Each structure stands twice: as C-alpha cells, then as structure tokens.
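Engineer: Dropping a structure here in structure tokens format, bear with me for questions.
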Amino acid sequence: MRIAYDRHDLEWRRVLEDPERQRVGESWFSDDTLDAWRHRRMRSFLQPLIERGRAKSWLTVGDGRFGTDAHHLIAAGVADVTATDLSDELLRIGAERGFIGKFAAQNAEALTFPDESFDFVYSKECYHHLPRPYLAVYEMLRVCREAAVLTEPNDPAASGRRLFTALKRLLGKPADDHAFEPVGNYIYSMSEREVEKLMLGVGLRYCAFAYMNDCYIEGVAFVPASGGTPKDRRMRAKVKGVIAAKNALCKLGLRPRDIVTAVLFKRKPDAATMDAMRAAGFVVKELPENPYVKA
C-alpha cells in the first residue's frame, strides 16, 4: 500500500525555486486578482459562521498557499486563527510577511492538537489531495468544538451525473469517473451522501451543504480583478461567462455543480445560526437518529 506525502512537499518547494512557480506563488499574496476573486467566492460560504462569532477560534488545514485561508479569516475580523499545512515552509514566509499569524506544520490525517482545541476547523481544497481523506475529516471533527467545514470539488459521479456523462460522451469527450494527480495520489471528490454516511457513522446528526460553480483558466493569477488591459477584460468575461453558462445548465438539471461546501456540526446549531446559513444558500439537514443508541 503506497501513501504519498513527500511529493506534496516537493510541489511546494517549486514555489520557492522554480521561477514561473515563484511568480504564481507571489500572486497568492494579492487580493486583487481574478484568481483571488475565484477563491473569495468559494470562501464566501464561511460568512454566516464568521459573523456569528468573530471571537471564536479557527484552525485551517491544508492551508499551504502561504496561509491564504487563514488570511481570509483574519481579514474578516476573526481574532484567533491558526494556519496549518503538511510543511510549514510557506506558512513561515506568510507569517514573516505579516500575511498570517499563528501557524504549525501538521499532517491533516494525524493532527497533534488535543480534542476540541478550536471552535471551527476549515479545510479548502485539501481533502482531494490526501491519500486517506476520511482520517483527516475524523481528525478535524476531533479537534473542533462546534463544526468542521470543508470546501471541495463536488463528486459528479454521486451527484446526478448520468445525463451529464451521456452528453460528454455524445460530444466525444472523456467521462472517466476516476483521476490521479502528478504526485501519485488518487483524487478524491466529495459528495453530500458521503458526508452524511461519515457523520452517521460517528453519531453526528446536523450538517449543511451549499454549492457553486467555478471556472479556472490558466493565467487567472495574473489578471486583475478589475480594470487592466483589453486582454484582461476578455479573460474576466470568459471566466464569468463560463460560470454563468454552468449555472444555467445546473438550473435545467443538465449538470451537477462544481464545488460543495459542507459544514459538519458537532451538535445541533441554534435556530439563528441555521437561519443565517439558509439565508446564505445552505441546505441545513437533520440526519436520522440511531434507534439503537441512547443519547
């Protein structure tokens, strides 16, 4: 059985050593690029949780881009944020540049923090890179008091994909349900059903899901979020046009959405929190109680 961690570290080393990757990495410090706009959209679903507790403590997991997720929380007014990644090399640079505060090197599948050390744990686009992602989710749930939040690619094979797959095949495009990444790991993707089963297996009953579409085109890291050259404006129009087209197809039931944000609550959230999450676009679910286990 092969479990790969070291090659991820090599990928981050390229950000420091390869000139082109250095240029991409430097763009991560900017909040005013088209790529930063994409990632803000993905993190926007955190807002109802942030607004209901800026004094809460947050841990970010797999936050390797100099701590961009932690930076988002800090910029939103969260007082206590700790950024983590498998290697702390880029996080250390982020802290030295004032981009983030606290940080630590942590294996997402074996966090070293004591139980319930943080109110919330957030992991964005980390799960699908892990060799054993379920372990990471259990660890996130172990170290949080209120909820673990994951933003991940939505598993199209588990999300009403049949018609979408048929259309792709009709157009002569591959419709493979499995993929691997260059470092050697299988690429996991998340589904609502998968999260529900994971929660029910450990006796948790409250979760919430929100979905969105995205579009990545090579070069978005160097396009300003506004203004710029005619070429920049064309790139922005293309990215936003693709997202709008995907939204239209989703409304017609012709394709699943690209990104899912799942909130896994440790206990029943209060009514105000549930209302705020619904207003932000979440579907809040109460899963069935295990009839064979007494509270």
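At position 84 of the sequence shown the residue is numbered 85 (this note's numbering), and the sequence of numbers has no breaks. Glycine residues also receive a C-beta, built at the ideal position from the N, C-alpha and C atoms. All values reported here derive from a predicted model rather than from experimental measurement.
Around the Cβ of residue 181, are there at least 16 other Cβ atoms within 10 angstroms (buried) or fewer (exposed)?
Structural biologist: exposed
Engineer: Go through its chain and collect everything with a Cβ distance to residue 222's Cβ below 7 Å, but skip five positions before and after it.
Structural biologist: 25, 28, 34 and 36
Engineer: Grab the span of the beta strand (DSSP E) containing residue 36 for me, first residue to last.
Structural biologist: Looking at the DSSP string, residue 36 is not in any beta strand (DSSP E); the run it does join, the alpha helix (DSSP H), is 35–44.
Engineer: Could you check where the beta strand (DSSP E) with residue 269 kicks off and where it finishes?
Structural biologist: Premise fails: residue 269 is in no beta strand (DSSP E) and is neither H nor E.
Engineer: Confirm, please, whether the CB-CB distance from residue 61 to residue 123 is below 9 Å.
Structural biologist: yes
Engineer: Cα-Cα, which of 42, 54 and 38 is closest to residue 297?
Structural biologist: No statement about residue 297 is possible, as the shown extent of the chain runs from 2 to 296 and does not include it.
Engineer: Identify every residue that forms a DSSP beta bridge with residue 297.
Structural biologist: In the structure as shown, the chain begins at 2 and stops at 296. Residue 297 is therefore absent and cannot be evaluated.
Engineer: Please state whether the Cβ-Cβ distance between residue 264 and residue 50 is less than 9 Å.
Structural biologist: It is a contact, given that the beta carbons lie within the stated cut-off.
Engineer: Does residue 223 come out as helix, strand or coil in the three-state DSSP assignment?
Structural biologist: helix
Engineer: Looking only at its chain, what residues have a beta carbon closer than 6 Å to the beta carbon of residue 15, apart from the 5 residues adjacent to it on each side?
Structural biologist: 22
Engineer: Consult DSSP for residue 50 and reduce its assignment to one of helix, strand or coil.
Structural biologist: helix
Engineer: Give the DSSP-derived three-state secondary structure of residue 28 in the structure shown.
Structural biologist: helix
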